[in-house]
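*Asks:* Take this structure, written in structure tokens, and hold onto it; I'll ask about it next.
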């Protein structure tokens, strides 16, 4: 369960990074054609989403040490990402699934006896 949660989190983070780069490109292209507030908001949202996606990747990798904390942060990351844009929906779904899997997984840091 923990390995699947880690893999889903990393895949979601990579998709989030790609979508943030595409939104940044769209915002910059629109900014050159039409100088309006929507272009600036797209650029700001893309940087926020990029940061959230990188945070999700880091928490997925860190899940081997502390799966409960990583799972909670991934779920909160998904909720915050949905506030900033609907283009983050696939990443949010993967982060929520990953967070739930990490929360219900047993912590195997005990020494086998």
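In the numbering used here, the protein residues as written are 1 to 113.
All C-beta atoms, glycine included, are put in the ideal place defined by N, C-alpha and C.
1. What does a CB cutoff of less than 6 Å around residue 71 pick up in its chain, not counting 5 residues either side in sequence?
2. In this structure, how does DSSP classify residue 36 when only helix, strand and coil are distinguished?
3. What I want to know is whether the C-beta of residue 43 ends up closer than 8 Å to one or more non-hydrogen atoms of the ligand GTP.
4. Measure the C-alpha to C-alpha separation of residue 33 and residue 66 and round it to an integer number of angstroms.
5. In angstroms with no decimal places, state the Cα-to-Cα distance between residue 121 and residue 17.
6. Under a three-way DSSP split, which group does residue 68 fall into?
*Replies:* If we stick to the structure as given:
1. On the chain shown, residue 71 is found 71 positions in, with the first residue counted as 1. If you ignore the 5 residues before and after residue 71, its C-beta comes within less than 6 Å of the C-beta of 99, 102, 103, all in its own chain and listed in chain order.
2. Against the chain shown, residue 36 aligns to sequence position 36. Coil, per DSSP.
3. With respect to the ligand GTP, the structure offers nothing, as it holds no ligand at all.
4. For the purposes of this step, residue 33 is taken as residue 33 along the chain shown, with counting starting at 1. For the purposes of this step, residue 66 is taken as residue 66 along the chain shown, with counting starting at 1. The alpha-carbon atoms of residue 33 and residue 66 are separated by roughly 47 Å.
5. Because the chain here runs from 1 to 113, residue 121 falls outside it and cannot be looked at.
6. Against the chain shown, residue 68 aligns to sequence position 68. Residue 68 falls in the helix class under three-state DSSP.
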